[in-house]
Amino acid sequence: MHALDPLNDIEIAQAANCLHEQGGLSNTAWFETIALQEPLKEELKTNTSRREAFVCCYDPASGQTWDGVVELATNKLKNWRHAVGMQARIGIDEFIMGGDVAKADPRFIAACALRGVTDMSKVLVESWAAGNFGYKQEEGERIAYCHCWVQNESGDNPYERNLANLHPVVDLRRMKVIRVDDFGVVPLPPEGTPIKGKNTRKDLKPLEITQPEGASFTVEGKLVKWQNWEFRVGFHVRDGLILHEIGYRDKGKLRPIMYRASMAEMVVPYGDPRGGNYRRNAFDTGEYGIGQLLDSLALGCDCVGDIFYFDAWRHDWHGKPQHIKNAICMHEEDFGTLWKFTNTYDYDVTVKRSRRLVVSSVATIGNYVYGFFWYFYQDGTIGTEVKATGIPFGTAHPLGKPSQYGGAIAHGVEASVHQHVFSYRFDMAVDGPRNSVSEMNFAAEPMSETNPHGNAIAISETPLRSELEAQRNMDLNAARYWKVKNTESLNAYGEPVSYKLVPGINAVPLLHPDAPVAKRAGFMFKHFWATAFAADELYPAGQYPNQHAGGDGLPRWTKADRSLEQKDVVVWYTLNYHHMSRPEDWPVQPCVYAGFHWMPSGFFDENPAMDVPSPTPKHCC
Ligand code: CO
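Just so we're aligned, residue 984 is where the sequence shown starts under the working numbering, counting upward by one.
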């Protein structure tokens, strides 16, 4: 096994055992995380086989969160510490148990009856992370703030009918209901539409994707090689899919681009202040764990064509390994035209088709489903995209009266305006470990003697020399983008080789900067951040965002204002998908897409895809 390979079942079980023997916790303690502790970069240069497990436990007996590292070769527990004041993520088992506890509470049952709901087997209660709103009685306690629904008649949608204004508050440490918040009865939405069993359309002819000679990539362990690209596929119960050691083979030499790429955190703040709805702020990565929630993908359904699957190992709260078959999908896709030239004077046509390599995984987090897609293109571009689907979080409202904070999406149902904010982390290595960062801006030059016709566009490149300088937002007026470059590696034209980050759809956070969720997710107030590498800076809202008071992660680290000039640079990009749900998002939302790209910008001396062969004539007109 390679030092960057995710833990397997045997290693997870061993780490759990080691904790039971050496951790000194009570027998009710449970495991938040057992995942690969990645080796330090320097270590990896000389030792590619070291295996360590990062372990985090929550002990209800003490109410404490503990973390440390198990050295698997020696079965030794190292750096075992009480993470003072921190709350572990909410485990899946805990999430389900919290809901069950609430469902059995007589106060909750009575509140359901007030709303005409007496069949409790049809009720779903989800124990969401409570956030941190400065309430004294929640301080230091492990709290879930629940949201509730009634199953639809056809039994295929647990999220159709929201029990609005009703929120059991659960003490997860003691597994008991503290109180039931009831902000007043709102009529339950009427039975709506089933998800399944509709008459399906009949005019679709088969569309087969075949690769008679197989796919063009090779896989050795977790190492992937495709069209000059090389990288390693990784997995973590928190981050989900991780890509390591991304490089491109150019003129026979493997040139590094990124040491590690991941979707490191996400938060979905909802914009409805009424009742208990202000508590809806899901940090799906830091509060629950995207990797824990990956789907097993199905060939021919989730993925079509010549598919290669990577399986993954997660664990339950007892530390027992659980297999995720087909957790990560990899395949090639035709992507239209790569490049084309028609010589007007002799009608000679050259056209090349683009093919991209897609590496993806899909996480189901309650009502929502997120697909995380990574794309590698033959021209050196790296793309990443989120596909959001699933069922919008509908709030019941009195018929005909949606509030000012949402829109009607079905009879009696409104969806609150909200934002899906993702933070991607890129540990850069553009042609080597020492990189610098700059910002590109463009402006119309004033009319002058040298610009008599007013057409001049001024190009300005501003170095972002330190962490406080490298906290930036998009600017359409300046066609702004950012570059990561290596001043020690020059291209054929004497310029430092570089990759540029090309934003796509985005928005700014629309909530008050003093809002508790804004303080806990300070990363979302800048689209672009760059930091000096530190091995323990993996998550932009900090290691333990669950119920955290705020200020951790990027805002805290960057106060040091570390230098970014010819340093090991990490880039963080915030992707904000502003979402006002539509009736067309109901009962299940068609995928909405949001993404961005990294493009080579003087990294190569010319279009690196000139050598892609033209399509074979039998398929070409
Ligand atoms: Co949404």
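We put the CB at the ideal spot given by N, CA and C, even for glycine.
Pro1538 is not bridged by DSSP to any residue.
Taken atom to atom, the span from the alpha-carbon of Ala1439 to that of Arg1463 is near 17 Å. Residue range 1304 to 1326 is occupied by the beta strand (DSSP E) that includes His1306. Measuring C-alpha to C-alpha distances from Pro1496 to each of Val1554, Phe1508, Ile1161 identifies Phe1508 as the nearest.
Judged by DSSP in its simplified three-state form, Leu1055 adopts coil rather than helix or strand.
Distances from the alpha-carbon of Arg1125 to those of Asp1267, Gln1070, Val1169 put Gln1070 closest. Taken in chain order, the unbroken stretches of beta strand (DSSP E) that lie wholly in the segment 1014 to 1057 and span 3 residues or more are 1035 to 1042, 1047 to 1054. Beyond the five residues adjoining it in sequence on each side, Val1485 comes within less than 8 Å, by CB distance, of Tyr1464, Phe1579, His1580, Trp1581, Met1582 in the same chain, given in chain order. When DSSP states are grouped into helix, strand and coil, His1380 belongs to the coil group.
No heavy atom of the ligand CO is found nearer than 7 Å to the CB of Ala1427.
Only residues of its own chain outside the window of five on either side were considered, and among them Met1069, Gln1070, Asn1115, Arg1503, Ala1524, Gly1525 have a CB closer than 8 Å to the CB of His1531, listed in chain order. Counting along the chain, no alpha helix (DSSP H) covers Leu1237; the unbroken beta strand (DSSP E) around it starts and ends at 1236 to 1252. Burial state of His1436 is exposed, judged by a 10 Å Cβ sphere holding fewer than 16 other Cβ atoms. Straight through space, the alpha carbons of Asn1135 and Gly1536 are spaced by roughly 41 Å.
Across the structure, Asn1469 and Asn1456 are spaced so that their CA atoms are roughly 23 Å apart.
Relative to the ligand CO, the nearest heavy atom lies less than 7 Å away from the CB of Ser1564. The residue from Thr1057, Thr1011, Ser1045 with its alpha-carbon nearest to that of Arg1033 is Thr1057. Spanning the alpha carbons of Pro1170 and Asn1211 requires a straight line of approximately 59 Å. Unbroken beta strand (DSSP E) stretches of 3 residues or longer found wholly inside the segment 1180 to 1245: 1201 to 1203, 1206 to 1209, 1212 to 1219, 1223 to 1233, given in chain order. For Arg1565, the CB contacts under 7 Å within the same chain, skipping 5 residues up- and downstream, are Ile1392 in chain order.
Thr1193 is the residue among Thr1193, Thr1048, Glu1077 whose C-alpha sits nearest the C-alpha of Gly1283. DSSP lists no beta-bridge partner residue for Met984. The shortest CA-to-CA distance from Gly1081 to any of Ser1110, Ala1093, Pro1446 is the one to Ser1110. Between Trp1540 and Trp1296, the alpha-carbon positions lie close to 32 Å from each other. When the beta-carbon positions are compared, Tyr1527 and Ala1066 come within less than 8 Å of each other. Judged by DSSP secondary structure, Arg1162 falls within the beta strand (DSSP E) whose first and last residues are 1159 to 1165.
Each of Lys1208, Ala1265, Arg1232, Asp1255 was checked against the Cα of Glu1248, and the nearest Cα belongs to Ala1265. Within the segment 1073 to 1154, the complete alpha helix (DSSP H) runs of at least 4 residues fall at 1075 to 1086, 1089 to 1097. Remark: C-beta atoms of Gly1302 and Arg1072 do not approach each other more closely than 8 Å. Looking at Phe1200, Thr1183, Glu1143, Asp1165, the one whose alpha-carbon comes closest to that of Glu1174 is Glu1143.
Closest by C-alpha distance to Leu1340, out of Cys1286, Ile1348, Leu1060, Asn1350, is Cys1286. By the criterion of a C-beta distance shorter than 7 Å, Leu1547 is surrounded in its chain by Ser1419, Val1420, Leu1447, Arg1448, Ser1449, Glu1450, Ala1453, Ala1513, Ala1515, once the five residues flanking it on both sides are discounted. Placement of the Cβ of His1531 at a distance of 7 Å or more from every heavy atom of the ligand CO is found.
Residue Val1153 holds the alpha-carbon nearest to the alpha-carbon of Gln1120 among Ala1461, Val1153, Thr1367. His1401 counts as buried, since at least 16 other C-beta atoms from the protein chains shown sit within 10 angstroms of its C-beta. Put simply, the segment 1401 to 1412 touches the segment 1235 to 1245. At least three CB pairs are less than 8 Å apart.
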